[in-house]
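Step one of this worksheet: look at the structure below.
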Amino acid sequence: MDNTNQQLVEQLFAPLRATFSSPRPDGSIVFSLLDEADAIAYSRVLNADQLGDSSAFAQSLEEIRLELAVRSGNIPAEMRKALKEQDSVLSYHQA
């Protein structure tokens, strides 16, 4: 993990501490976020494509942030709005 990516991860997920496993045979790594007691709060496998492409890596980090926000009940305002605008009941038509 290069220094720029490490700094980005630290900024995005503070106060959690990020760790990266050694590369696995397929080139993927395990990305983990640890709490203040060094217990794993979140863990996800990032594949070689996500690690090798900076935009794919950034997108993966955003997905993780969103997942953590949803888990904690802090859904971003734009997502709440989109969910409210969607139909809550599906239409079924008989053929």
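Residues in the sequence shown are numbered consecutively from 207, following our numbering. Using N, Cα and C, we set each Cβ at its ideal position, and we do this for glycine too.
With DSSP as the reference, label S238 as helix, strand or coil. Of the three classes helix, strand and coil, the one that applies to S238 here is strand, per DSSP.
Less than 8 angstroms between the CB atoms is what I'm expecting for G233 and A264, so what's the real figure, rounded? The pair is not a contact, with the Cβ atoms about 18 angstroms apart (cut-off 8 angstroms).
Output yes or no for whether 8 angstroms exceeds the beta carbon distance between F226 and F219. Cβ atoms of F226 and F219: not closer than 8 angstroms.
Please determine, among A245, S266, N280, the residue with the shortest C-alpha to C-alpha distance to L222. Taking each of A245, S266, N280 in turn and checking the Cα distance to L222, the smallest one comes out for A245.
Just mark V276 as buried or exposed, buried being the case when its beta carbon has 16 or more other beta carbons within 10 Å. Classification of V276: exposed, given that the 10 Å Cβ count is below 16.
What distance in whole Å lies between the Cβ atoms of A247 and L239, which are believed to be in contact at a cut-off of 8 angstroms? About 5 angstroms separates the two Cβ atoms, so the contact holds.
Going by DSSP in three states, L222 sits in which element: helix, strand or coil? The answer is coil: DSSP assigns L222 none of H, G, I, E or B.
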